[in-house]
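Only one structure is covered here, and it is reproduced in the block below.
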């Protein structure tokens, strides 16, 4: 179910090329299918998303045909892939999004959100730890709209998979609750078609199609060998392969005249008819359920309800205060009541990260209730992060939570959140050496620096409860992934009649307090729980006759984006 003329159709089936190194397969299909380009405001253009000229510039600077597919570079690329395991992991979130949207917004005879997710994956995806976590989550949740096609060519860069891999893959997936279908020959099209029909008729489990293939099929000197994996075939081998196929050797790039009309008659007509039918359903839905339709259209467009931040709490001054993980939980729940498509969960740490949505109607997402907004990811940090990326790709506002030290377990998916510009919220608690009793294994000493080093990620380390509230307000509207770094220990809630306004959080940093008289002789700059230490140091300095300014800098990235005059004003 895919309309090349409307590649951003919300109800389209998704295809994820998890083995991103096979990117030319995706680019070729997008070109032959006539997938249309889409501009930055979502308008479909009368031009191809991938032209033949783009294909000819494969892997070159400025080409949309990068070595690995990049989300946003061309319509039809559903996500950035390349790091093995990320595609299969994110596909779980895509499948969940369809189930959740249908459960929340579907009406009898009017399901605008149902779609299937297909993934082409490799031996590497199956071997990766993330692939195992994702398969376990999908099987447990019985995601019957998810199909992985495992390209079982038994070749890796170093040689045959038998060097390092001897699992019975189908048996393993069956133990995880998957339906498995084995196709012995990748060229047996009727068998492949039957496998897909079996998948589409299955209602209780995800499906793995084990597709036995030969890498470099038709290449007389490199077929079924690792030399066809990690390097180009070469000009002479390409010529010989074309001879095996009975294909003209010239020109170098050839699309016979009959091919494009064949695609138009197939996927083009089927997809166009399905899209037209969906538009009719959308019109009926809008008339019958206007409020729900408005929410769906905001989800699809990336918008927010006008009152989404109405219930964000304002915290009264309190010298004892509370842990920023606690205030975060209160803020998250306030937002969730006004933002119905905010959902997420924790890697078995919700009571500690304070991320459980506890208002009436929130519910728990499970195989028995696809409408729940609280997710239980188990001890699968990497699988959790990849899943919430998939939710975000469907337009949902998602969050993931664990201890800050465990960002190491999910970092590749956080990096993809950044590369794809997904506004995922990462709620990371138990910050710094304030976690003393748990010892060095749980003290995230180096993690703050490594998160700040990642381009495109906002790292929010708020100093008190009201900075937490403002940090969420900024993050929800930013369009970037945000890492919240939050304390387990209590920190004072500052009296904002005596200290600077939390509106300064939106600029990344601000003057919290200046000397009562005169010019500061020293500036103390802090983030998170260290701001309280800076304030205590200021009092000591003041007693010693030294005038000090205190600067709270909760987000380095936002502060760096401010103009030079503002930065100079705060930090002269």
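In my numbering, the protein residues as written are 455 to 1026. Each residue gets a CB set at the ideal place from its N, CA and C atoms; glycine is no exception.
- Secondary structure of residue 925 (DSSP, three-state): helix.
- Three or more Cβ pairs closer than 8 Å define a contact, and the stretch 458-469 meets that threshold against the stretch 720-735.
- Residue 644 is classed as exposed because its beta carbon has fewer than 16 other beta carbons within 10 Å across all chains shown.
- If you look at residue 903, you'll find it in the alpha helix (DSSP H) that goes 901-906.
- About 6 Å separates the beta carbon of residue 932 from that of residue 912, a gap short enough to meet the 8 Å contact definition.
- Within the stretch 740-786, the complete alpha helix (DSSP H) segments at least 4 residues long are 744-755, listed from N- to C-terminus.
- With contacts defined by Cβ atoms closer than 8 Å, residue 535 and residue 471 form a contacting pair.
- Residue 938 and residue 893 have their C-alpha atoms some 22 Å from each other.
- DSSP links residue 818 through a beta bridge to 828.
- By the 16-neighbour rule on beta-carbons within 10 angstroms, residue 857 is buried.
- Contact check for residue 935 and residue 878: beta-carbon distance about 5 Å, within the 8 Å limit, so the pair qualifies.
- Excluding the 5 residues flanking it on each side, residue 773 has same chain C-beta neighbours closer than 7 Å at 946, in chain order.
- DSSP places residue 914 in the uninterrupted beta strand (DSSP E) bounded by 912-914.
- Within its own chain, the residues whose Cβ lies closer than 6 Å to the Cβ of residue 593, once the five positions on either side in sequence are excluded, are 630, 631 and 632, listed in chain order.
- Ranked by Cα distance from residue 672, the first of 691, 659 and 601 is 691.
- DSSP, read as helix, strand or coil, puts residue 823 in strand.
- Taking the Cα of residue 627 as reference, the smallest distance to any Cα among 662, 638, 972 and 615 is reached at 662.
- Residue 537 sits buried, since 16 or more C-beta atoms from the chains shown fall within 10 Å of its C-beta.
- In this model, residue 1021 and residue 1011 are separated by some 12 Å (Cα to Cα).
- Of all alpha-carbon atoms in 1023, 975, 581 and 565, the one lying nearest the alpha-carbon of residue 739 is that of 565.
- One Cα belongs to residue 1013, the other to residue 964, and the distance between them is close to 9 Å.
- Less than 8 Å separates the beta-carbon of residue 941 from that of residue 982.
- Taking the Cα positions, residue 836 is about 52 Å away from residue 971.
- Annotation note: the stretch 686-718 contains the following uninterrupted alpha helix (DSSP H) runs of length 4 or greater, listed N- to C-terminal: 689-699 and 713-717.
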